[in-house]
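Reading through the structure tokens given below for one structure.
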């Protein structure tokens with residue numbers, strides 16, 4: 082199998098025919114598997130659309146207070162949809178305090194006004210004249226939210242929806258998080274620049290990296306119905322092509338904490354809530370004869386965000402819906418392969434504000450990232466995966482080590498995770514591997 086170490090840009094695209102020929106291991110032509118997939122997508126999208134038209138949502142919701150007694154049927158829906166709303170993760174008053182702190186950090190405490198270096202397709206979303214996503218990582222609201230005990234409990238619970246144990250070894254520890262410092266969003270009413278549908282975390286890697294190929298092997302052997310999007314044992318072994326502004330950690334989820342009320346038409350998140358079928362379509366479409374030779378992976382290019390284009394994925398995009406209305410303190414999580422977007426226009430009356438907090442459980446890959454990120458925290462610089470603008474170096478009211486709780490220090494790599502009496506040998510071995 083041709084891997085990333087043998088393919089350097091731009092040869093991945095140039096060698097696309099050979100890559101795909103070597104990759105396909107199905108007994109039947111890819112069109113046979115694709116035909117079954119299209120039928121499934123059409124049936125499922127009809128269900129999604131019907132619910133949306135009735136002002137309902139197929140996106141599952143769970144309550145933080147009752148998270149430990151979440152029904153099996155709801156868990157099955159989370160795994161089918163690839164996303165979930167967790168109601169009341171933190172109290173409304175706490176979330177609103179963080180909202181004020183987050184806004185003060187970039188307005189009252191500091192003047193957020195520097196040139197932004199991002200891809201052209203994201204330029205409007207990050208525009209300095211009316212910024213929506215603020216390239217800050219170390220505000221006290223962000224730090225407090227990431228290390229909050231309730232947020233830790235939610236991520237631990239959701240991490241356990243992934244498989245992580247094989248042959249008496251753990252691929253990651255679902256109960257221990259590595260703090261992946263991300264940004265904050267404050268979107269004003271009337272703003273008309275959203276984000277087009279896309280998938281984060283690499284693009285052509287899905288066809289050439291041995292870890293990704295193993296993860297998607299059931300799709301590539303023509304049996305997409307058996308594909309398990311929640312196979313953490315395989316997913317943790319994936320590697321990304323070296324490129325700027327691409328997530329290089331193992332994420333179980335992307336996610337955010339709502340700091341304001343927001344829902345449909347409030348300039349908020351949209352998803353295609355069908356993780357198995359949508360992922361299979363992103364891959365299988367590239368094997369069809371109708372694909373353009375100059376775009377062999379259907380919107381995926383090295384070092385760029387994986388764009389979900391109408392010309393290739395129209396059937397999927399019919400299932401793109403906005404999240405149900407959320408309140409301050411609710412959290413939203415989605416699978417790293419899930420197609421998502423941000424509504425083009427904010428038609429609501431209030432600010433649409435969030436702190437980006439996903440899931441990055443302890444594993445060797447994530448521990449290595451945290452080790453590098455720790456220096457950035459101390460210096461007030463952007464983390465390794467983000468635009469190296471370093472806006473916060475001289476910021477007032479920036480968080481410091483003194484603002485970290487015991488849990489926060491472990492998540493940030495300042496203190497080692499402790500072993501507990503009764504811990505499995507597999508967990509102890511993983512902790513030793515991550516002590517770097």
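In the working numbering, the protein residues as written are 82 to 517. A virtual CB, placed ideally from N, CA and C, is assigned to each residue, including glycine.
Taking the beta strand (DSSP E) that residue i falls in, what are its first and last residues?
i	result
residue 144	142-144
residue 394	Residue 394 -> not in any beta strand (DSSP E); alpha helix (DSSP H) instead, spanning 391-398.
residue 282	Taken as a continuous stretch (DSSP letters only), residue 282 belongs to no beta strand (DSSP E), as it is neither H nor E.
residue 332	Per DSSP, residue 332 belongs to no beta strand (DSSP E) and is neither H nor E.
residue 350	350-352
residue 436	433-437
residue 258	254-258
residue 267	265-268
Residues in the same chain with beta-carbon distance under 6 Å from residue i, minus the five sequence neighbours each way, listed in chain order, please.
i	result
residue 315	295, 296
residue 330	261, 441, 447, 450
residue 445	514, 515
residue 302	106, 107
residue 473	217, 219, 461, 479
residue 196	With a pLDDT of 46 at residue 196, under the threshold of 50, the modelled position of that residue is not reliable, and the figure given next carries that caveat. Excluding positions up to five away in sequence, the list is empty.
residue 265	183, 215, 436
residue 202	Summary for residue 202: the model assigns pLDDT 48, below 50, so the residue's position carries little reliability, and this model does not support an answer.
residue 263	437
residue 353	359, 397, 400, 401, 420
residue 186	220
residue 287	293
Taking residue i and residue j to be in contact with their CB atoms under 8 Å, please state how far apart those CB atoms are, rounded to whole angstroms.
i	j	result
residue 176	residue 338	7 Å
residue 305	residue 118	6 Å
residue 97	residue 377	3 Å
residue 163	residue 310	7 Å
residue 507	residue 249	6 Å
residue 384	residue 452	The pair is not a contact, with the Cβ atoms about 24 Å apart (cut-off 8 Å).
residue 43	residue 427	In the structure as shown, the chain begins at 82 and stops at 517. Residue 43 is therefore absent and cannot be evaluated.
residue 484	residue 221	6 Å
residue 511	residue 254	6 Å
residue 454	residue 465	6 Å
residue 104	residue 159	Contact doesn't hold; Cβ gap of about 30 Å is too wide.
Tell me the residue span of the alpha helix (DSSP H) that contains residue i.
i	result
residue 488	487-492
residue 419	Looking at the DSSP string, residue 419 is not in any alpha helix (DSSP H), and its letter there is neither H nor E.
residue 114	111-134
residue 508	506-514
residue 295	291-296
residue 156	153-162
residue 186	173-187
residue 236	230-240
residue 454	445-460
residue 224	221-227
residue 316	313-316
residue 358	356-365
residue 139	It is not in any alpha helix (DSSP H) - residue 139 carries neither H nor E in the DSSP assignment.
residue 100	97-104
Please go through the same chain and pick out, in chain order, the residues whose beta-carbon is closer than 8 Å to the beta-carbon of residue i, but skip the five residues on each side of it.
i	result
residue 125	355, 358, 400
residue 503	none
residue 372	366, 379, 393
residue 505	251
residue 500	508, 509, 512
residue 477	190, 191
Spatial neighbours of residue i within its chain, please: C-beta separation below 7 Å, excluding the five flanking residues on both sides.
i	result
residue 252	245, 313, 314, 317, 444
residue 132	138, 139
residue 256	237
residue 240	255, 333, 440, 442
Are residue i and residue j close, meaning C-beta to C-beta below 7 Å?
i	j	result
residue 183	residue 276	no
residue 404	residue 340	no
residue 226	residue 434	no
residue 321	residue 327	yes
residue 381	residue 284	yes
residue 223	residue 436	yes
residue 408	residue 342	yes
residue 101	residue 368	yes
residue 166	residue 135	no
residue 424	residue 336	no
residue 174	residue 492	no
residue 228	residue 268	no
residue 361	residue 300	yes
For chain B, find out if any of its Cβ atoms is closer than 7 Å to the Cβ of residue i; answer yes or no.
i	result
residue 231	Here there is only one protein chain, and chain B is not present.
**Request:** Report yes or no: do the stretch 407-423 and the stretch 159-174 share at least 3 C-beta pairs separated by less than 8 Å?
**Result:** By the Cβ criterion, the stretch 407-423 is in contact with the stretch 159-174, since at least three pairs of Cβ atoms, one from each stretch, lie closer than 8 Å.
**Request:** Would you be able to state if there are at least three C-beta pairs under 8 Å between the stretch 377-395 and the stretch 152-162?
**Result:** Touching, no.
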